[in-house]
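Remarks on the structure that follows.
2 protein chains.
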Amino acid sequence: MSPAPRIEIIPITGIPEVVEGDDLAAHIAEALATASQDARLVAGDIVVVTQKVVSKAEGRLVGAGDRMEAALAEAKRVVRKTASTLITETHHGHVCANSGVDDSNVAPGYVSLLPLDPDLSARRIRARLGRLTGVEPAVVISDTFGRAWRLGQTDIAIGVAGMDPFLDYRGELDANGKVLVATQIAVADEIAGAAEMVMGKSSGVCAAVVRGAPVKPGRGTAAQIIRPVAEDLFR
Amino acid sequence: MSPAPRIEIIPITGIPEVVEGDDLAAHIAEALATASQDARLVAGDIVVVTQKVVSKAEGRLVGAGDRMEAALAEAKRVVRKTASTLITETHHGHVCANSGVDDSNVAPGYVSLLPLDPDLSARRIRARLGRLTGVEPAVVISDTFGRAWRLGQTDIAIGVAGMDPFLDYRGELDANGKVLVATQIAVADEIAGAAEMVMGKSSGVCAAVVRGAPVKPGRGTAAQIIRPVAEDLFR
Chain S
1 MSPAPRIEII PITGIPEVVE GDDLAAHIAE ALATASQDAR LVAGDIVVVT QKVVSKAEGR
61 LVGAGDRMEA ALAEAKRVVR KTASTLITET HHGHVCANSG VDDSNVAPGY VSLLPLDPDL
121 SARRIRARLG RLTGVEPAVV ISDTFGRAWR LGQTDIAIGV AGMDPFLDYR GELDANGKVL
181 VATQIAVADE IAGAAEMVMG KSSGVCAAVV RGAPVKPGRG TAAQIIRPVA EDLFR
Chain H
1001 MSPAPRIEII PITGIPEVVE GDDLAAHIAE ALATASQDAR LVAGDIVVVT QKVVSKAEGR
1061 LVGAGDRMEA ALAEAKRVVR KTASTLITET HHGHVCANSG VDDSNVAPGY VSLLPLDPDL
1121 SARRIRARLG RLTGVEPAVV ISDTFGRAWR LGQTDIAIGV AGMDPFLDYR GELDANGKVL
1181 VATQIAVADE IAGAAEMVMG KSSGVCAAVV RGAPVKPGRG TAAQIIRPVA EDLFR
């Protein structure tokens, strides 16, 4: 029996510390070129990049003294507020703690804000990687979000380019020939979570290749994943 | 430069249709033994199994006519209720649509219920796989859940054995030497989501090996991932 198709999640190592104005896609392309041969991009690959380095390259850092002010400035609305927790809806529509304002892995005295338009950031990285490497990968920009009902965080997609963020099974048949009515997998979020496992929080790895994932090429966005407020039972 | 450590997600193919009383671990072990050599278990592997086949093996099917009744019987409380949607907290504490009662990939006329104790199911599968294969893998039982605020579903862990469901970075240093205060990754959920990508909904693949994931061996459970009601802002 031949090996079944599998998915690989490959960390992209060797990207230097990113600063404002950096050509992040060039850093990624260079790291890929010096990495082992099979880390080079092939058709169908997805490149996952953390929000943190995208924000750094785009100059989205502010002084840490303004942290709460920054969280409120980045918010469209406050969803929940306790003494220790501020859950907000960002201007993009993502619901998360402190509007994604975060001081980990940034220089002391600073906090990072989410990119202004992470879907646009993803499209730019995708186009530039295509020019530099000859292979235009799908791109997911990931961030680490908490969830309702469940402890711990997982990485989800805040930016998407070159792929449909969903795998839509609605209307397909299950193994018994029954029509699947409700299943629409947020595969971009699963890809972000999978890539988190090779990037970690203290390793300095800020990008990964996900190879073999069942994505549909397309002009999808992470904005499509945001549940419209009118349909949301928890906002 | 040598290849960086990577994660592989390998579908376990060739498991027959599972019925009540089946020795699911034996099916998995047999499928692994007939699959390509590198699909055989090695130390550190995580075996992910879908809720659906665990429920089938455990006889957790009821007539589809009782669907709404079953969802309410499986619920500890109703979290939200609209004309089309019932969001409940199951007896285990998981918050999901219809208490996880679901008619996809079961025989016509039936719906599946969640296992009575998915953590116990995971421990049993782990122990039995250990005896059958000589390698005791960590085990995750996955199910497909919706989320607050975001469209689409992802797979998460409803049963865990042989590993800590979290990767805890609290107290570790980030790349700048700053102490990470808030990061505790629900890695069991990321593993379930990653495995979903090779299992799909219509492919009939009900198990996968996740190899190379950064998990800490231990006696963890999926119950640990459930946010206590008193700390939950969305129940």
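Sequence order for the protein chains is S and H. Residue 195 in my numbering sits at position 195 of the first sequence, and the numbers go up by one each step. My numbering runs 1000 ahead of the 1-based position in the second sequence. C-beta: ideal position from N, C-alpha, C; glycine also.
Closest to residue i by CA distance: which of the options is it?
i	options	result
aspartate 22/S	Val42/S, Ile12/S, Pro5/S and Val54/S	Val54/S
methionine 68/S	Glu8/S, Ala148/S, Pro137/S and Gly100/S	Gly100/S
alanine 29/S	Glu136/S, Val19/S, Val95/S and Val79/S	Glu136/S
arginine 1235/H	Lys1178/H, Lys1076/H and Val1139/H	Lys1076/H
lysine 178/S	Tyr169/S, Ala186/S and Ile185/S	Tyr169/S
alanine 1161/H	Phe1145/H, Ala1127/H and Gln1153/H	Ala1127/H
aspartate 1143/H	Asp1066/H, Arg1006/H and Cys1096/H	Cys1096/H
alanine 222/S	Asp102/S, Trp149/S, Glu190/S and Leu113/S	Glu190/S
threonine 183/S	Leu1180/H, Thr1183/H and Gly1152/H	Gly1152/H
glutamate 8/S	Leu24/S, Ala33/S, Val42/S and Glu17/S	Val42/S
methionine 1163/H	Val1215/H, Glu1058/H, Arg1147/H and Ala1175/H	Val1215/H
valine 111/S	Val187/S, Ala57/S and Gly65/S	Gly65/S
glycine 238/S	Val19/S, Asn98/S, Gly130/S and Gly200/S	Residue 238/S lies beyond the residue range present for chain S, which begins at 1 and ends at 235; the question has no answer from this structure.
asparagine 105/S	Gly1200/H, Leu1180/H, Ala1186/H and Gln1224/H	Leu1180/H
valine 47/S	Leu233/S, Asp103/S, Val229/S and Cys206/S	Cys206/S
alanine 33/S	Val49/S, Glu58/S, Val19/S and Thr13/S	Thr13/S
isoleucine 185/S	Ala1175/H, Ile1185/H and Met1199/H	Met1199/H
threonine 88/S	Gln224/S, Arg147/S, Arg123/S and Glu231/S	Arg147/S
proline 1108/H	Arg150/S, Glu58/S and Ala175/S	Ala175/S
alanine 83/S	Ala188/S, Asn98/S, Gly93/S and Glu74/S	Asn98/S
glutamate 233/S	Pro1005/H, Leu1061/H, His1092/H and Thr1085/H	First, the residue type needs correcting, since residue 233/S is leucine and not glutamate in the sequence shown. The residue with the shortest Cα to Cα distance from leucine 233/S is Thr1085/H.
arginine 123/S	Glu74/S, Leu72/S and Ile141/S	Ile141/S
phenylalanine 1145/H	Val187/S, Val78/S and Arg60/S	Val187/S
leucine 1113/H	Lys1056/H, Val1079/H and Ala1026/H	Lys1056/H
histidine 1091/H	Asp1103/H, Ile1125/H, Val1079/H and Glu1074/H	Glu1074/H
glutamate 58/S	Gly134/S, Val19/S and Leu167/S	Val19/S
alanine 1025/H	Arg1219/H, Thr1133/H, Gln1224/H and Gly1220/H	Thr1133/H
aspartate 103/S	Arg60/S, Val79/S and His94/S	Arg60/S
Quick one: which chain S residues come within Cβ less than 9 Å of residue i?
i	result
isoleucine 1141/H	Per Cβ cutoff of 9 Å: no residues; isoleucine 1141/H is ~15 Å from chain S at best.
Along chain S, which residues have their Cβ under 7 Å away from the Cβ of residue i?
i	result
methionine 1197/H	Ile7, Val187, Glu190, Ala213 and Pro214
valine 1095/H	Trp149
Applying the criterion that 16 or more other CB atoms from any shown protein chain within 10 Å of the CB defines a buried residue, is residue i buried or exposed?
i	result
lysine 52/S	buried
alanine 1070/H	buried
serine 1203/H	exposed
proline 1003/H	Reliability of the predicted coordinates at proline 1003/H is poor, the pLDDT of 47 falling under 50, and the value obtained from them is presented with this limitation in mind. Under this definition proline 1003/H is an exposed residue.
glutamate 172/S	exposed
valine 1139/H	buried
glycine 1063/H	exposed
aspartate 1038/H	exposed
isoleucine 226/S	buried
proline 115/S	buried
proline 1016/H	exposed
alanine 35/S	buried
lysine 81/S	exposed
alanine 1230/H	exposed
isoleucine 10/S	buried
arginine 150/S	buried
leucine 228/S	Going by the sequence as given, residue 228/S is proline instead of leucine. It is exposed - the Cβ of proline 228/S has fewer than 16 other Cβ atoms within 10 Å.
proline 5/S	exposed
arginine 1219/H	exposed
proline 217/S	exposed
For residue i, go through chain S and note every residue whose CB falls closer than 8 Å to its CB, in chain order.
i	result
alanine 1194/H	Ile7, Ile9, Glu190, Gly193, Ala194 and Met197
leucine 1233/H	Arg80, Thr82, Thr85, Ile87 and Ala148
glycine 1204/H	Ala175
Report the neighbours of residue i on chain H: residues whose CB is nearer than 8 Å to its CB, in chain order.
i	result
glycine 63/S	What glycine 63/S touches in chain H: nothing, since even the nearest Cβ is about 15 Å away.
Which residues of chain H have a Cβ atom closer than 7 Å to the Cβ of residue i, listed in chain order?
i	result
glycine 59/S	Going along chain H, no residue has its Cβ under 7 Å from glycine 59/S, so there is no contact; the nearest lies around 18 Å.
Which residues in chain H have a C-beta closer than 9 Å to the C-beta of residue i? List them in chain order.
i	result
glycine 200/S	Leu1167, Tyr1169, Ile1185 and Pro1214
field: Short-range partners of chain S found in the segment 1144-1157 of chain H, where Cβ spacing is below 8 Å
entry: Near chain S, meaning a CB-to-CB distance below 8 Å, the residues of the segment 1144-1157 of chain H are Thr1144, Arg1147, Ala1148, Trp1149, Arg1150, Leu1151, Gly1152, Gln1153, Thr1154, Asp1155 and Ile1156.
I'd like to know if the segment 117-125 of chain S and the segment 1190-1197 of chain H are in contact, where contact means that at least 3 CB-CB pairs between them fall below 8 Å.
With the cut-off at 8 Å, the segment 117-125 of chain S and the segment 1190-1197 of chain H do not touch.
message = Please list, in chain order, the residues of the segment 97-128 of chain S that have any C-beta partner in chain H closer than 9 Å.
response = The residues in question are Ala97, Asp102, Asp103, Ser104, Asn105, Val106, Ala107 and Pro108.
*asked:* To be precise: take each residue of the segment 1157-1188 of chain H, compare its Cβ to all Cβ atoms of chain S, and keep it if any distance is under 7 Å. Which residues remain?
replied: Answer in chain order: Phe1166, Tyr1169, Glu1172, Leu1173, Asp1174, Ala1175, Asn1176, Lys1178, Leu1180, Thr1183, Gln1184, Ile1185, Ala1186 and Val1187.
Beta carbons nearer than 9 Å to chain H: which residues of the segment 216-229 of chain S have them? Taking 9 Å as the Cβ-Cβ cut-off against chain H, the residues of the segment 216-229 of chain S that qualify are Gln224, Ile225, Ile226, Arg227 and Pro228.
- the segment 153-160 of chain S in contact with the segment 202-218 of chain S per 3-pair CB rule at 8 Å: No, because fewer than three Cβ pairs between the segment 153-160 of chain S and the segment 202-218 of chain S fall closer than 8 Å, the two stretches do not touch.
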